[in-house]
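See below for the structure under consideration.
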Amino acid sequence: MLASFIARTCSDLWSLLYPQYCAGCTDALQYSENVICTNCRVQLPRTNFKAGTGNQIEKHFWGKVKVESAVAYLQFLKGTEVMHLLHELKYRGNQEVGELLGRMFASEYESSDFFSEVDYIIPVPLHERKLKIRGFNQCDSICKGISEITKLPVLTGGLKRNRFNETQTSKGRFERFTNTADLFSVNSSLLKGKRVLLIDDVITTGSTLEACVNPLNEIGCSVRVAAMASPID
Ligand SMILES: [Zn+2]
38 MLASFIARTC SDLWSLLYPQ YCAGCTDALQ YSENVICTNC RVQLPRTNFK
88 AGTGNQIEKH FWGKVKVESA VAYLQFLKGT EVMHLLHELK YRGNQEVGEL
138 LGRMFASEYE SSDFFSEVDY IIPVPLHERK LKIRGFNQCD SICKGISEIT
188 KLPVLTGGLK RNRFNETQTS KGRFERFTNT ADLFSVNSSL LKGKRVLLID
238 DVITTGSTLE ACVNPLNEIG CSVRVAAMAS PID
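Basically our numbering = 1-based index in the sequence shown + 37.
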């Protein structure tokens, strides 16, 4: 009793001296809160997309690549807590944000059959050189969080990005398609015929994910896709 009182007092004093802030809303975290405050955890805008129902993310892939089901967890809007969270993860290297989002997402989708019979969770890979420069792949921590809940294995060596910096945003649709046709390659001895769950942080145009799915389709993989956030609604 006395020990827990002392621990609590020390912790309060510590957070007074070195306050921790929520990675979403930037408010000071309370004792017992970690990385993302309780309010954000509850209030972050969910897309509520159901897998395999022809949701907007799945429609995005129709007629382009074969995807079993696809979801985005949160709605991405500029200037919001969701944007802050993903910036904190990608540009400030806060991997705890990725792990926590992965755990939250997996917990909320666990009761659906979205994770059933998946052989591997695969993060969308960065080019080796980009990985060296950035020091981490922001999708790895998301996969780690998902794996903690689902117990599914994460595979990082099965899909490879062949080209370095490819900026998609200023190009037209046809040019995007021709440029991404061989953007990724797969290790077919590892992945042939497997069911994989591809993980990205944000899905916007969907062209990077399409480029990942292409070679997986070619070797007979069943592919599911999940992004932590998307502006597509
Ligand atoms: Zn918050």
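C-beta atoms are modelled at their ideal positions from N, C-alpha and C, and glycine is treated no differently.
Beta-ladder partner(s) of residue i, from DSSP
i: Phe221; result: Arg198
i: Ile159; result: Leu235
i: Val191; result: Ile158
i: Ile73; result: Asn71
i: Arg65; result: Sequence check: residue 65 is Ala here, not Arg. Partner(s): Tyr58.
i: Arg83; result: Leu111
Residue burial classification, residue i (beta-carbon count within 10 angstroms, cutoff 16)
i: Gln175; result: buried
i: Arg198; result: buried
i: Ile170; result: exposed
i: Asn251; result: buried
i: Thr84; result: buried
i: Ala44; result: exposed
i: Asp237; result: buried
i: Thr114; result: The question names Thr, but residue 114 is Leu in the sequence shown. With fewer than 16 Cβ atoms within 10 Å of its Cβ, Leu114 is classed as exposed.
i: Pro162; result: buried
i: Phe201; result: exposed
i: Arg166; result: exposed
i: Gly257; result: exposed
i: Asn92; result: buried
i: Pro160; result: buried
i: Ser267; result: buried
i: His124; result: exposed
i: Cys47; result: exposed
i: Glu136; result: buried
i: Asp177; result: buried
Three-state class that DSSP yields for residue i in the structure shown
i: Pro252; result: helix
i: Ile269; result: coil
i: Val262; result: strand
i: Ala44; result: helix
i: Val108; result: strand
i: Thr245; result: helix
i: Trp51; result: helix
i: Met120; result: helix
i: Lys96; result: helix
TODO: Name all residues in chain order for which at least one heavy atom of ligand 1 lies closer than 5 Å to the residue's CB.
DONE: Cys59, Gly61, Cys62, Cys74, Cys77
- [ ] Ignoring anything shorter than 4 residues or poking outside the region 128-186, list the alpha helix (DSSP H) runs there in chain order.
- [x] 132-146, 165-171
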